[in-house]
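The block underneath contains the structure these notes are about, expressed in structure tokens.
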Amino acid sequence: MATAVPARRRRVESFRTEVQFFRIHEDAPSTEDTEMNESALQDDDDAELDGELVDDEGQESECSESSEEEVPDDSHFQQDMENLQDCFAGFRQKYRLIKRIGEGTFSTVYKAEDLLYDSYDNSWDLDKETEKWTPPPLKSFSGQSSATLDYQSQSQRRRKPKYVAIKKIYVTSSPSRILNELELLHDLRGCRSVCPLITAFRWTDQVIAILPYFRHADFREYFRNMTRPDMAIYLRSLFTALASVHSHNILHRDIKPTNFLYDPGSRRGVLVDFGLAEREGYDCKPCICHDDPVTRKRKLRPLISDKEKEGYPREDTRHSRRANRAGTRGFRAPEVLFKCTEQSTKIDIWSVGVILLTILSKRFPFFNSADDIEAMIEIATIFGRQRMQAAALLHGCMLQTTIPTIGRSGFSFEGIVLWSTDRNETKDKLPEDERLAVEFLSRCMELDPSRRISAEEALEHPFLRMGLDESVEEASDAGDDDEMDMLKV
Ligand SMILES: Nc1ncnc2c1ncn2[C@@H]1O[C@H](COP(=O)(O)OP(=O)(O)OP(=O)(O)O)[C@@H](O)[C@H]1O
Ligand SMILES: [Mg+2]
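The numbering of the sequence shown is our numbering, which starts it at 3 and goes up by one.
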């Protein structure tokens, strides 16, 4: 049935050629089918092949794995959902919209049932693999042949509905930004712990990306209760994603808890939202942070000789500097704040460090600044004036401050964690495993990006290995192969 089961992967692979069509950003010649891939032009008969699986009572199978309730959205979103279904031809045959699950700066995300799941090659589906370990219970009937039993167990089996997340990108996003997000997701297909792109559709200026739906919990609900192995498993999953992304020389640029969908129950996580991601080296100009120390010192000499002159120059003749500052305040690395023109994948590692600092200090958000200057002050308060000035110089910036809360040497992470968790910084000591976590934190939050740990190195750090080893032990104790599957994610 080769024609009846078109491979979705094939559709995604042919995406590059179709991108040209998209890049022009013209309306589709026909509004009949605006899917981005030619090979995706589906025969309407496909819908019939799917044949809705029904349970014993002849009812459509309901969500059996999600604890979320299908609460109707308010009228604005109901209207939005109606429009979405009406605009994209064939939408209702492909997807059943359930509810709105997220609203970001650049998109609204909906949960929907994938009605044509069985008509496609779903090799991206991780759950398909794990499902083989949890088959539905089979009823035994005495006096019936095994063929009859097989048939009955098949027909009585309730098929779990398959869900997708439909990301409707706002029309105000620039076409190049949308194209960039979809292209990078396409390049990252098959990367572990990275949300794969199933397909995408366009109708006039409206683009929707179809992603597998990942059940996840709100970070604010679980981060305070995480044990050290929980933290290690969470971070292992996040660093696994980053190691893949960075090995493709891609910077995510917006690492934060809402972009890492984590399910504490299954302890699985996926990285989403490549809306701000970009390739390393894109739109870059050389920054002295990449020079060797001797050359850097030579280039900095004129700046340092000006050090004595305090205040603002009457006429500032310095060139203004343009650098990418995308990302979320509070998670921005110091080099982003110092407008480094040659940013690297290490900016993502800093952001993970901020997540770990949040978990260890049990404070969310940890940083809470109104602008980049305040963000610098927050970081300088922790690291102290001396180290922050050295970090600024790395990128050719001079930092001077008389703010009294910024001390000369700042605070240690150990002290911050003790203080923020109501322990006495002078009397109390961190337990061994927490000290290891703090040591790992300091490797992620190195001010100098060249000294900051990489995602690959992080995966080998004893703190992250601790979580791995304990989980493997737990899994083998319980004889539970699912746990092993989880660790592969
Ligand atoms: N594949 C998915 N499965 C389940 N939920 C998802 C999925 N993708 C996105 N979401 C939900 O939608 C939210 C917004 O998605 P996303 O971050 O991709 O959009 P955004 O507009 O770029 O958001 P923001 O600007 O807030 O970063 C996520 O935080 C998450 O709650
Ligand atoms: Mg997001």
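Beta carbons are placed, not taken as given, at the ideal position from N, Cα and C, and that holds for glycine.
Since the model is a prediction, treat every value here as computed from it, not as a measurement.
Can you give the Cα-Cα distance for S109 and R324, rounded to whole angstroms?
-> 27 Å
Kindly examine ligand 1 and report whether one of its heavy atoms sits closer than 7 Å to the Cβ of A167.
-> yes
Should D275 be counted as a contact of ligand 2 given a C-beta to heavy atom distance under 7 Å?
-> yes
Determine the direct distance from the alpha carbon of M83 to that of C89, and round the result to whole angstroms.
-> 10 Å
Can N370 be considered in contact with ligand 2, in the sense that its beta carbon sits closer than 7 Å to one or more heavy atoms?
-> no
Just reading off the alpha helix (DSSP H) that K301 is part of, what are its end residues?
-> P295 to S307
How would you call Q345, buried or exposed, if buried means at least 16 neighbouring beta carbons within 10 angstroms?
-> buried
Run the CB neighbour count on A400, radius 10 Å, all protein chains shown included, and call it buried at 16 or more, exposed below.
-> For clarity, residue 400 is Met in the given sequence; the question names Ala instead. When all chains shown are included, M400 counts as exposed.
Say whether the region 240-255 touches the region 192-200, bearing in mind that this needs 3 or more beta-carbon pairs closer than 8 Å, one atom from each stretch.
-> yes
For L187, which residues of its own chain have a beta-carbon under 6 Å away from its beta-carbon, when the five flanking residues on both sides are left out?
-> L199 and F276
Residue closest to I257, alpha-carbon to alpha-carbon, out of V247, P266 and A377 = V247
Classify C193 as helix, strand or coil using the three-state DSSP reduction.
-> coil
Of the choices R238, E183 and V173, whose alpha-carbon is the least far from that of P464?
-> R238
Cβ-based burial, N261 [other Cβ within 10 Å; buried from 16] = buried
What do you reckon, is the C-beta of F332 under 7 Å from a heavy atom of ligand 2?
-> Strictly speaking, residue 332 in this sequence is Gly, with Phe absent from that position. Checking the Cβ of G332 against ligand 2 gives no.
Straight-line CA distance for I351 to M233?
-> 15 Å
Identity of the residue in V173, S176, Y264 and V209 nearest Y224 by Cα = Y264
Range covered by the alpha helix (DSSP H) that runs through R98 = Per DSSP, R98 belongs to no alpha helix (DSSP H); it is in the beta strand (DSSP E), Y97 to E105.
Can P214 be considered in contact with ligand 1, in the sense that its beta carbon sits closer than 7 Å to one or more heavy atoms?
-> yes
Please report the residue range of the beta strand (DSSP E) in which Y284 lies.
-> No beta strand (DSSP E) holds Y284; DSSP gives it neither H nor E.
Backbone CA spacing between L432 and R204 [nearest angstrom] = 54 Å
Contact belief for L358 with L253 at Cβ below 8 Å, rounded distance in angstroms | The pair is not a contact, with the Cβ atoms about 19 Å apart (cut-off 8 Å).
What separation, rounded to the nearest whole angstrom, lies between the Cα atoms of Q81 and E185?
-> 30 Å
If you draw a straight line from the C-alpha of F221 to the C-alpha of G271, how long is it?
-> 12 Å
Throw me the rounded Cβ distance for the R230 and A439 pair, which I believe falls under 8 Å.
-> 6 Å
Is G1 near ligand 2, judged by its Cβ being under 7 Å from some heavy atom?
-> Residue numbering for the chain in the displayed model covers 3 to 491; residue 1 lies beyond these limits and cannot be assessed.
Indicate whether F333 and V356 have their beta-carbon atoms separated by less than 8 Å.
-> yes
Under 8 Å Cβ to Cβ from D285, same chain only, skipping five residues before and after it: list those, please.
-> N326
Anyone know if the C-beta pair for G409 and R387 falls short of 8 Å?
-> yes
Measuring CA to CA, which of I100, T107 and N124 is closest to K113?
-> I100
On the premise that P336 lies in contact with L449, defined as a C-beta separation below 8 Å, what is that separation, rounded to the nearest angstrom?
-> 5 Å
Give the DSSP-derived three-state secondary structure of T110 in the structure shown.
-> strand
Does the distance from the C-beta atom of A382 to that of T403 stay below 8 Å?
-> yes
Please state whether DSSP places Y314 in a helix, a strand or coil.
-> coil
Determine the burial state of T174: buried for a count of at least 16 other Cβ atoms within 10 Å of its Cβ, exposed for fewer.
-> exposed
Would you kindly report the start and end of the unbroken beta strand (DSSP E) that includes T201?
-> T201 to W205
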